[in-house]
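Student: All letters in the sequence shown, in the order written, are residues 1 to 250 by our numbering. C-beta atoms are modelled at their ideal positions from N, C-alpha and C, and glycine is treated no differently. In this text the structure is predicted, and so the values were computed from the model without any measurement. The structure's right below; bear with me while I get my questions together.
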Amino acid sequence: NLKIAQNYRGTGGNSAPLMPVVTVPAGQTVAEHRADVAKIEQRVARALPGSRVAGYGSTGDRGFVSKDGRTTFVSIAAGTPVATFEEILGNRAPIVRCMPNTPASIGKGMMVVFSNQLVSDDTKRFVADLLSASGEVATIDDEGLMDAVTAVSGSGPAYIFHFIEALTVAAEKAGLPKATARLLAMQTVYGAASLAAESQEEPGVLRQQVTSPNGTTAAALGVLMGEDRLTNLLTQAVEAARLRSIELGK
């Protein structure tokens with residue numbers, strides 16, 4: 001069996017426990033349960049960043065917890081290491097830790113997983129197949145990298161949303177009406193990201209294809225890329241998020 005669980009405590013001292021469970025009996029196909037898993041991920045993807053496991057092992061949860069070693073637990077609780085679940089579930093429990101992001105709610109998410117040594121290769125593939133219902137799935141072998149994952153793909157959608165906001169403001173200051181500015185900014189980011197995802201070319205090559213020598217794009221990139229301004233800014237932002245993730249995980 002496979003059980004997928006989430007339980008978190010929001011910020012500000014407000015408890016908001018969630019414990020959705022999907023049990024997949026042996027012999028059934030992944031396709032039969034993808035819709036259920038997608039619904040769970042849509043709920044979990046809306047959880048507050050920095051959420052915490054709360055109440056595991058309490059009287060109400062004991063019926064859920066299985067320590068027979070035959071049940072694989074998939075955690076989507078932010079900032080909670082596998083060791084926390086091992087303390088609760090025992091040293092025989094196969095545990096998969098997953099870091100999703102909010103685009104999972106529309107099937108465009110990025111899920112990154114780490115498994116403890118008790119998770120079999122077949123189960124790893126099965127879990128990845130289930131999670132793929134909500135987007136792309138990547139695997140890491142070092143749980144310590146989960147803080148970097150959180151800083152890049154976990155928090156990353158917010159960076160892109162802010163870029164859209166900033167580009168919209170810039171468009172308005174250039175004279176465009178508000179609605180038109182928002183549409184141009186939104187569709188440009190969406191179209192460029194889609195092209196980058198579908199193209200065989202690297203993003204740097206695609207950038208060069210848009211950039212004529214001494215043209216308008218070159219003038220703008222001179223501001224963004226001069227002295228590695230944007231790269232340095234994003235590097236600082238990712239590092240700030242990574243360090244905060246480490247702090248929250250203590």
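Which term fits Thr-139, buried or exposed, when burial requires 16 or more other beta carbons within 10 angstroms of its beta carbon?
Tutor: Position 139 of the sequence shown, counted from the first residue, corresponds to residue 139. By the neighbour-count rule (16 or more Cβ atoms within 10 Å), Thr-139 is not buried but exposed.
Student: Within 10 angstroms of its Cβ, does Asn-91 collect 16 or more other Cβ (buried), or is it exposed?
Tutor: Position 91 of the sequence shown holds residue 91. The residue is exposed, with fewer than 16 neighbouring Cβ atoms inside 10 Å.
Student: Is Arg-92 helix, strand or coil when you go by DSSP?
Tutor: For the purposes of this step, residue 92 is identified with residue 92 of the sequence shown, where counting begins at 1. Of the three classes helix, strand and coil, the one that applies to Arg-92 here is coil, per DSSP.
Student: Per DSSP, which residues does Ala-138 bridge with? Please list them.
Tutor: Numbered from its first residue, the sequence shown carries residue 138 at position 138. Looking at the DSSP assignment, Ala-138 forms a beta bridge with Val-112.
Student: On the three-state DSSP scale, how would you describe Thr-71?
Tutor: Position 71 of the sequence shown holds residue 71. Note: Thr-71 maps to coil in three-state DSSP.
Student: When you compare the CB positions of Pro-157 and Pro-203, do they come within less than 9 Å of one another, or not?
Tutor: Locating residue 157 in the sequence shown gives position 157, counting from the first residue. Locating residue 203 in the sequence shown gives position 203, counting from the first residue. No. Outside cutoff.
Student: To the nearest angstrom, how far is the alpha carbon of Leu-233 from that of Val-223?
Tutor: Taking the first residue of the sequence shown as position 1, residue 233 is located at position 233. Taking the first residue of the sequence shown as position 1, residue 223 is located at position 223. So the alpha carbons of these two residues sit roughly 13 Å apart.
Student: Hey, which unbroken runs of the beta strand (DSSP E) at 3 residues or more fall wholly within the region 205 to 234?
Tutor: The qualifying runs do not exist here; there are none.
Student: On a Cα-Cα basis, can you pick out the residue from Ser-132, Phe-126, Cys-98, Glu-172 that is closest to Leu-145?
Tutor: Residue numbering aside, residue 145 sits at position 145 when the sequence shown is read from its first letter. The shortest Cα separation from Leu-145 among Ser-132, Phe-126, Cys-98, Glu-172 belongs to Cys-98.
Student: Any idea if Val-149 is buried or exposed, counting beta-carbon neighbours within 10 angstroms, 16 or more meaning buried?
Tutor: Position 149 of the sequence shown, counted from the first residue, corresponds to residue 149. Val-149 should be labelled buried.
Student: From what residue to what residue does the alpha helix (DSSP H) around Thr-168 run?
Tutor: In the sequence shown, the residue the question calls residue 168 occupies position 168. Where Thr-168 is concerned, the enclosing alpha helix (DSSP H) stretches over 156 to 173.
Student: Would you call Leu-130 buried or exposed, if buried means 16 or more other Cβ atoms sit within 10 Å of its Cβ?
Tutor: Locating residue 130 in the sequence shown gives position 130, where the first residue counts as 1. That one is buried.
Student: Nearest-angstrom Cα distance between Ala-45 and Met-111?
Tutor: Within the sequence shown, numbered from 1, the residue matching residue 45 stands at position 45. Within the sequence shown, numbered from 1, the residue matching residue 111 stands at position 111. At Ala-45, the pLDDT of 46 sits below 50, so the modelled position is not reliable; the number obtained from the coordinates is stated separately. The alpha-carbon atoms of Ala-45 and Met-111 are separated by roughly 10 Å.
Student: Thr-216: buried (16+ other C-beta within 10 angstroms of its C-beta) or exposed?
Tutor: The residue given as residue 216 occupies position 216 in the sequence shown. Its Cβ having fewer than 16 others within 10 Å, Thr-216 is exposed.
Student: Can you tell me which of Ala-193, Met-225, Ala-197, Glu-136 puts its alpha carbon nearest to the alpha carbon of Gly-107?
Tutor: As a working mapping, residue 107 is identified with position 107 in the sequence shown. Nearest of Ala-193, Met-225, Ala-197, Glu-136 to Gly-107, Cα basis: Glu-136.
Student: Compare the beta carbon distance of Val-82 and Phe-114 with 9 Å and say whether it is the shorter of the two.
Tutor: As a working mapping, residue 82 is identified with position 82 in the sequence shown. As a working mapping, residue 114 is identified with position 114 in the sequence shown. Cβ atoms of Val-82 and Phe-114: closer than 9 Å.
Student: According to DSSP, Met-146 sits in a beta bridge with which residue or residues?
Tutor: Along the sequence shown, read from residue 1 onward, the residue named residue 146 stands at position 146. According to DSSP, which records beta bridges pairwise, Met-146 is partnered with nothing at all.
Student: Can you tell me which residues form a DSSP beta bridge with Met-99?
Tutor: Taking the sequence shown and counting its residues from 1, one reaches residue 99 at position 99. Its beta-bridge partners are Val-112.
Student: Can you tell me which of the three DSSP states Lys-178 falls into?
Tutor: Taking the sequence shown and counting its residues from 1, the one referred to as residue 178 is at position 178. Lys-178 falls in the helix class under three-state DSSP.
Student: According to DSSP, simplified to helix, strand and coil, what is Pro-81?
Tutor: By one-based count along the sequence shown, residue 81 stands at place 81. Three-state DSSP puts Pro-81 in coil, outside helix and strand.
Student: Give the single residue among Ala-166, Glu-86, Gly-154 whose Cα lies nearest to the Cα of Gln-117.
Tutor: The residue labelled residue 117 in the question sits at position 117 within the sequence shown. Minimum Cα distance to Gln-117 is reached at Glu-86.
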